[in-house]
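Protein chains in written order, with numbering that gives the first Met the number 0: chain A, 0 to 278; chain B, 0 to 210. Each residue gets a CB set at the ideal place from its N, CA and C atoms; glycine is no exception. Below is one structure, written out as structure tokens; the observations come after it.
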Amino acid sequence: MTAIISQDDFLVFREYFYRKTGIRFESSKRYFVDKRLIDRITANDCASFREYFTRLRFQANGEELQRLTNLLTVNETYFMREEYQFDCLTSHILPELSEHLPTDKIINIWCIPSSSGEEPYSIAMQLLENWPMLRNRDVRLLASDINTRMLDMAEEGLYSERSIRNVPPTWRARYFSRVGDMYQICDELRACVEFSHVNLANPVEVRRQHAIDVVFCRNLLIYFDDLSRKEAAESLYDVMSPGGFICLGHSESMGRISPLFTVRKFPEAIVYQKPWEES
Amino acid sequence: MALLQKSGQPRPAPDDPTGRILDVEALERCLHDPSADIRRRAAADLASCQQATQWLLTQLQQETIPSVRQVIITSLTRINTTEAVQGLATCLRAEDARLRNDAIEAMKQMPDAMAPVIEELLQDQDPDIRIFAVNILESLCHEQVENWLLDVMDNDASINVVCAALDIIGEVGTEIALPVLERTARRFNDAYVGFACDLAIRRIADSRPAS
Chain A
0 MTAIISQDDF LVFREYFYRK TGIRFESSKR YFVDKRLIDR ITANDCASFR
50 EYFTRLRFQA NGEELQRLTN LLTVNETYFM REEYQFDCLT SHILPELSEH
100 LPTDKIINIW CIPSSSGEEP YSIAMQLLEN WPMLRNRDVR LLASDINTRM
150 LDMAEEGLYS ERSIRNVPPT WRARYFSRVG DMYQICDELR ACVEFSHVNL
200 ANPVEVRRQH AIDVVFCRNL LIYFDDLSRK EAAESLYDVM SPGGFICLGH
250 SESMGRISPL FTVRKFPEAI VYQKPWEES
Chain B
0 MALLQKSGQP RPAPDDPTGR ILDVEALERC LHDPSADIRR RAAADLASCQ
50 QATQWLLTQL QQETIPSVRQ VIITSLTRIN TTEAVQGLAT CLRAEDARLR
100 NDAIEAMKQM PDAMAPVIEE LLQDQDPDIR IFAVNILESL CHEQVENWLL
150 DVMDNDASIN VVCAALDIIG EVGTEIALPV LERTARRFND AYVGFACDLA
200 IRRIADSRPA S
């Protein structure tokens, strides 16, 4: 028998998931949420939403919550998405940081969410191809996501034709190899992106990072409500180095989230900067 | 120099007492730490702790670093109790405009906790406080907002407070505002008030469904 999710069940679950992840599902997402909840209720042999919800909440290892989170946070992305920000990174952000930072300081770049790795690998290619100063500066690429399945896919680095459609042919030839009808990112790039599990709504998890110079946090905060967005921005501020930059998605504006960052307008993109000093 | 190979090891973090699991009393002590970074983290970690409301409010009054202040206000917003709202409401009397504005923005996000306090603020002796209260109503998601604004228009003696309410009613007023708008236009024999009331009446009339 298929379980039924009532309106009350939906509201109870929505509030719980919001507290855990900062993500709030509008009523228009009801079908999307219900379908995945019912799948997990069935997979767990639970007779009702209530039985499943009790298991979800009180399971000590949190395994079921992670499985459900994986189902509810799938977002399709692709290589070189909103690539004008990557151009901004190599044309303005990194040169400016390099000018201010000691020459032996490693520049830390963090992608959150990393999804299945398209963004951090795109940044890696952008740096290798378009930032000659990489010869004089060490850069560490970090990438995190709440979805462990996405992280596994990112580590594996296997992509469809559709996913790499915006990658220039010369880059394809250099960094991908064909595996059946898929494309495998090369070992050199896979070896230089450090993936980790982080829930941006949990400040303690965010604090596993520190001294971050550039954050790419694109198209995630749109799923948060105002207060969770502000908390997330403050968590990111906390782990960023003074003068660090944050890049949001094209429809997101830090001005509507938090006053902590300074707006920086570059020819390619508007980004946000943590002040070098706080008065 | 190059892209660094991943190490698989966590990077050593600088020593930070809030990075360890702390009880709330220890976090309270961290709120007074000389390091702004530690104060900010302690304030963030106290967001889940209602008993920290007074600690956060006390620190808010003393705190000089904007980012720490922001995080304290965010944590009070997350705590979202009438006690937190009452504490934030005292910031409306602060000399510091940024603190006042931050408190207003926070209170807009706490509609349920705000309801018992807003009526007191709308009755405050100081017209500036009453204007700030009207500013909060501008985007407070509460079903009583229109009634509170109409009450201001009917009863507040200050033309500036009434104009602040009138601006919002002009945007969000419904048919129940019509008699109040007419009374307000008569109560203040003032060209701007008359103009704004007429405009609001026309907008409400235009938005009536065609019969």
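Do you know how far the Cα of R185/B is from the Cα of G155/B? For the purposes of this step, residue 155/B is taken as the residue at position 156 of the second sequence. For the purposes of this step, residue 185/B is taken as the residue at position 186 of the second sequence. Looking at the sequence provided, one finds Asp at residue 155/B rather than Gly. Each residue's Cα considered, the two are about 14 angstroms apart.
### Query
Relative to the C-alpha of L98/B, which residue among A46/B, A43/B, S66/B is closest?
The residue labelled residue 98/B in the question sits at position 99 within the second sequence. With distances taken between Cα atoms, L98/B lies closest to S66/B.
- prompt: Cβ of V139/A less than 7 angstroms from any chain B Cβ?
  reply: Residue mapping note: residue 139/A aligns to position 140 of the first sequence, counting from 1. The amino acid at residue 139/A is misidentified as Val; the sequence shows Arg. Yes, R139/A counts as interfacial toward chain B.
| query | Got a sec? Which residues, its chain only, sit under 6 angstroms from R39/A by beta carbon, not counting five neighbours each side? | reply | Taking the first residue of the first sequence as 1, we reach residue 39/A at position 40. Around R39/A: L67.
Roughly how many angstroms lie between the CA atoms of P168/A and C191/A, to the nearest whole one?
To locate residue 168/A, count along the first sequence from 1; it is residue 169. To locate residue 191/A, count along the first sequence from 1; it is residue 192. Taking the straight line from one Cα to the other gives about 22 angstroms.
Would you mind listing the beta strand (DSSP E) stretches within the stretch 137-199 of chain A that are 3+ residues and don't spill past its ends, in chain order?
138-144, 157-159, 175-178, 181-184, 192-196
Just to make sure I have the definition right: I need the residues of chain A whose C-beta is within less than 7 angstroms of the C-beta of A70/B. Which are they? For the purposes of this step, residue 70/B is taken as the residue at position 71 of the second sequence. The sequence given here has Val at residue 70/B, not Ala. The contacting residues are E233.
- request: Check each residue of the stretch 214-229 of chain A: if its Cβ is closer than 8 angstroms to any Cβ of chain B, include it; give the result in chain order.
  value: D225, L226, K229
* To do: Pull out every residue of the stretch 100-116 of chain A whose Cβ sits closer than 8 angstroms to any Cβ of chain B, in chain order.
  => I105
Inset, instruction - From the DSSP output, in three-state form, read off D125/B for me. - result: Residue mapping note: residue 125/B aligns to position 126 of the second sequence, counting from 1. It is coil, neither helix nor strand.
- Taking the CB atoms as reference points, tell me whether V230/B and R129/B lie closer together than 7 angstroms. Nothing in the structure corresponds to residue 230/B, since chain B is present only between 0 and 210.
N-terminal and C-terminal residue of the alpha helix (DSSP H) that D32/B is part of: Along the second sequence, one-based indexing puts residue 32/B at 33. No alpha helix (DSSP H) holds D32/B; DSSP gives it neither H nor E.
ask   = Cβ atoms of L55/A and I4/A: under 7 angstroms apart, would you say?
value = For the purposes of this step, residue 4/A is identified with residue 5 of the first sequence, where counting begins at 1. For the purposes of this step, residue 55/A is identified with residue 56 of the first sequence, where counting begins at 1. Taking 7 angstroms as the Cβ cut-off, I4/A and L55/A do not qualify as a contacting pair.
*asked:* What ranges does the alpha helix (DSSP H) occupy inside the stretch 199-225 of chain A, keeping only unbroken runs of at least 4 residues that lie completely in it?
replied: 202-205
| field | Contact set between C191/A and chain B, taken where Cβ atoms lie within less than 9 angstroms | value | Taking the first residue of the first sequence as 1, we reach residue 191/A at position 192. The contacting residues are A1, L2, L3, Q4, K5.
- When you check each C-beta in the stretch 35-62 of chain B against every C-beta of chain A, which residues fall closer than 8 angstroms? A35, D36, R39, R40, A43, D44, A46
TODO: Give the DSSP-derived three-state secondary structure of T283/A in the structure shown.
DONE: Residue 283/A falls outside the range modelled here, since chain A spans only 0 to 278, and no answer is possible.
Q. In or out: T173/B buried (at least 16 other Cβ within 10 Å) or exposed?
A. Position 174 of the second sequence, counted from the first residue, corresponds to residue 173/B. Exposed is the call here.
task: Starting from the beta carbon of Y236/A, find every residue of chain B whose beta carbon is closer than 8 angstroms, and list them in chain order.
output: For the purposes of this step, residue 236/A is identified with residue 237 of the first sequence, where counting begins at 1. Near Y236/A (Cβ distances below 8 angstroms), the residues of chain B are S66.
Legend entry - Residue nearest to R85/B in terms of C-alpha spacing, selected from A25/B, V116/B, Q61/B: Along the second sequence, one-based indexing puts residue 85/B at 86. As written in the sequence, residue 85/B is Gln, which differs from the Arg given in the question. Closest by alpha carbon: V116/B.
| Of all the CB atoms in chain A, is at least one closer than 7 angstroms to the CB of S183/B? | Here residue 183/B is taken as the residue at index 184 of the second sequence, counted from 1. Per the sequence shown, residue 183/B should be read as Thr rather than Ser. T183/B does not count as touching chain A.
Open item on the list: Within the continuous beta strand (DSSP E) that includes Q272/A, where are the two ends?
Closed with: For the purposes of this step, residue 272/A is taken as the residue at position 273 of the first sequence. Start and end: 269-272.
TODO: Compute the distance between the beta-carbons of A123/A and L140/A, then report whether it is under 7 angstroms.
DONE: By 1-based counting over the first sequence, the position of residue 123/A is 124. By 1-based counting over the first sequence, the position of residue 140/A is 141. Closer than 7 angstroms, so yes.
Residues that T73/B contacts on chain A, provided the C-beta gap is smaller than 8 angstroms = Within the second sequence, numbered from 1, the residue matching residue 73/B stands at position 74. Simply L226, K229, E230, E233.
#### Entry: Of the listed residues K104/A, L64/A, D33/A, nearest to T147/A (C-alpha basis)
The residue you call residue 147/A lines up with position 148 of the first sequence. The shortest C-alpha separation from T147/A is found at L64/A.
query: Nearest CA to the CA of S6/B: which residue from V205/A, A142/A, E193/A?
result: Mapped onto the second sequence, residue 6/B falls at position 7. Ranking V205/A, A142/A, E193/A by Cα distance to S6/B puts E193/A first.
Problem set entry | Residue environment, L10/A, which counts as buried when at least 16 other CB atoms sit within 10 Å | As a first step, residue 10/A must be located in the first sequence, where it is residue number 11. Burial call: exposed.
* Check F265/A in the structure and name its three-state DSSP category. => Counting from one through the first sequence, the residue named residue 265/A turns up at place 266. If DSSP states are grouped into helix, strand and coil, F265/A belongs with coil.
- Indicate whether at least one CB of chain B lies closer than 7 angstroms to the CB of E25/A. For this step, residue 25/A is matched to residue 26 along the first sequence. Answer no: the Cβ-Cβ gap between E25/A and chain B never drops below 7 angstroms.
*asked:* Less than 7 angstroms between CB atoms is the rule here; does T81/B satisfy it with respect to chain A?
replied: Taking the second sequence and counting its residues from 1, the one referred to as residue 81/B is at position 82. Not one chain A Cβ lies under 7 angstroms of T81/B.
ask   = Which same chain residues, not among the five before or five after A112/B, have their C-beta less than 6 angstroms away from its C-beta?
value = The sequence position of residue 112/B within the second sequence is 113, counting from 1. Counting only Cβ-Cβ distances below 6 angstroms, and skipping sequence neighbours, we find N79, T80, T81, V84.
- Task: Would you be able to state if there are at least three C-beta pairs under 8 angstroms between the stretch 25-41 of chain B and the stretch 266-275 of chain A?
- Result: no
Checklist entry - Got a sec, what are the start and stop residues for the beta strand (DSSP E) P147/B sits in? => result Within the second sequence, residue 147/B is the residue found at index 148, counting from 1. It is worth fixing the name first, because residue 147/B is Trp in this sequence and not Pro. No beta strand (DSSP E) holds W147/B; the alpha helix (DSSP H) holding it covers 144-154.
*asked:* Measuring only the C-alpha atoms, how far is S97/A from P131/A?
replied: The count along the first sequence starts at 1 and reaches residue 97/A at position 98. The count along the first sequence starts at 1 and reaches residue 131/A at position 132. So the two alpha carbons sit approximately 12 angstroms from each other.
Worksheet entry | Cβ separation of L165/B and V192/B, assumed to be a contact under 8 angstroms, to the nearest whole Å | Within the second sequence, the letter at position 166 stands for residue 165/B. Within the second sequence, the letter at position 193 stands for residue 192/B. Contact holds; Cβ gap of about 7 angstroms.
Distance, G21/A Cα to V138/A Cα
Residue 138/A sits at position 139 when you count from the first residue of the first sequence. Residue 21/A sits at position 22 when you count from the first residue of the first sequence. Looking at the two C-alpha atoms, the distance is approximately 30 angstroms.
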